[in-house]
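Taking it in order: structure first as structure tokens, then the write-up.
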Amino acid sequence: MNIFRVSADILHLLSILVLLLKIHATKSCAGISLKTQELYLAVFVTRYLDLFWNFHSLYNSVFKVVYIATSSMIIWYMKRHRGVKQTYDKDHDTFRYLFLIVPCAVLALIVNGRFSLFEILWTFSIYLEAVAILPQLVLLQRTKNVDNLTGNYVFLLGLYRAFYILNWIYRYATEPHYSAWIVWLSGLVQTGLYLDFFYYYLQAWKQSKKLQLPS
Amino acid sequence: AAEPAEKDEL
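Set out below in structure tokens:
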């Protein structure tokens with residue numbers, strides 16, 4: 003365990019909590035993709051299947067349970083909460099899950115560390131996490147709506163991915179047998195997609211700055 | 003304990 007890894011996990015948790023608390027406080031989920039949230043829950047569930055038999059540390063187990071619980075709560079708010087679900091932008095959030103799930107499943111069957119059910123589901127979750135933000139990016143591009151909620155959420159998610167890369171570099175330098183190509187390549191793809199989001203975020207920020215200038 | 007290193011990450 004190193005400082006980059008701990009920072010990354012805390013940032014990841016913060017990103018989810020920021021989203022959850024803002025939905026709770028404002029009773030609105032405008033601009034948030036339910037598809038992305040459901041894909042993240044699928045990522046957590048398929049990756050943390052080992053929760054019941056593979057005890058690594060209390061730290062890991064607590065984070066796994068908290069990630070699953072908090073992302074379930076976000077989905078509950080968006081689908082079931084009477085006020086919040088009315089603010090969900092259903093008409094623009096039309097990305098098809100299967101376009102992501104099928105390629106990730108096929109890739110996990112072909113490129114994996116070991117051909118076993120648990121290993122393939124774990125690998126699937128790594129691939130799926132890399133692309134799960136795509137429905138959110140598509141929704142953003144369609145609505146051109148980058149408000150504080152989506153901005154802060156994706157900013158924290160991007161920081162979380164950046165700290166995981168630092169963690170891998172640190173571990174590669176300090177642990178003799180540390181190597182994880184599947185995770186590294188997927189992580190790089192994922193971080194690249196967040197950079198795309200940052201680009202739109204900065205553009206929207208610049209435009210709103212320009213609009214405030216006196217003409 | 004024979005799990006690969008990347009499995010101890012979240």
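Protein chains in written order, with our numbering: chain A, 3 to 217; chain B, 3 to 12. From the three backbone atoms N, C-alpha and C, an ideal C-beta is built for every residue, glycine too. Values in this document were obtained by computation on a predicted structure and should not be read as measured data.
Alpha-carbon to alpha-carbon, residue j and residue i
i, j, result
"residue 63 of chain A", "residue 79 of chain A", "25 Å"
"residue 188 of chain A", "residue 13 of chain A", "19 Å"
"residue 135 of chain A", "residue 17 of chain A", "13 Å"
"residue 12 of chain B", "residue 61 of chain A", "10 Å"
"residue 3 of chain A", "residue 175 of chain A", "13 Å"
"residue 45 of chain A", "residue 24 of chain A", "23 Å"
"residue 38 of chain A", "residue 179 of chain A", "34 Å"
"residue 72 of chain A", "residue 209 of chain A", "33 Å"
"residue 55 of chain A", "residue 9 of chain B", "13 Å"
"residue 83 of chain A", "residue 140 of chain A", "24 Å"
"residue 200 of chain A", "residue 157 of chain A", "7 Å"
First and last residue of the uninterrupted alpha helix (DSSP H) at residue i
i, result
"residue 22 of chain A", "5 to 28"
"residue 118 of chain A", "Element bounds for residue 118 of chain A: n/a, residue is neither H nor E."
"residue 35 of chain A", "No alpha helix (DSSP H) holds residue 35 of chain A; DSSP gives it neither H nor E."
"residue 68 of chain A", "60 to 82"
"residue 140 of chain A", "136 to 145"
Close-in-space but distant-in-sequence residues of the same chain around residue i (CB under 6 Å, 5 per side omitted)
i, result
"residue 193 of chain A", "163"
"residue 7 of chain A", "169"
"residue 144 of chain A", "94"
"residue 172 of chain A", "4, 6"
Contacts around residue i, its chain only, beta-carbon distance under 7 Å, and the 5 residues preceding and following it disregarded
i, result
"residue 161 of chain A", "13"
"residue 153 of chain A", "203"
Any chain B beta carbon closer than 7 Å to residue i
i, result
"residue 44 of chain A", "no"
"residue 65 of chain A", "yes"
"residue 83 of chain A", "no"
"residue 164 of chain A", "no"
"residue 47 of chain A", "no"
"residue 113 of chain A", "no"
"residue 110 of chain A", "no"
"residue 182 of chain A", "yes"
"residue 185 of chain A", "yes"
"residue 94 of chain A", "no"
"residue 198 of chain A", "no"
"residue 91 of chain A", "no"
"residue 26 of chain A", "no"
Own chain residues within Cβ distance below 8 Å of residue i, not counting five before or after
i, result
"residue 191 of chain A", "132, 133"
"residue 120 of chain A", "51, 52"
"residue 130 of chain A", "41, 44, 45, 48, 102, 103, 106"
"residue 186 of chain A", "170"
"residue 33 of chain A", "91, 141, 142, 145, 147, 148, 149, 151, 152"
Where residue i falls: helix, strand or coil (DSSP)
i, result
"residue 178 of chain A", "coil"
"residue 52 of chain A", "helix"
"residue 149 of chain A", "coil"
"residue 40 of chain A", "helix"
C-beta neighbour in chain A for residue i, strict 7 Å
i, result
"residue 8 of chain B", "yes"
Self-check item: Near-chain E residues of the segment 129 to 153 of chain A - C-beta to any C-beta below 8 Å
Solution: Checking the listed chains, one finds no chain E in this structure; the protein chains it contains are A and B.
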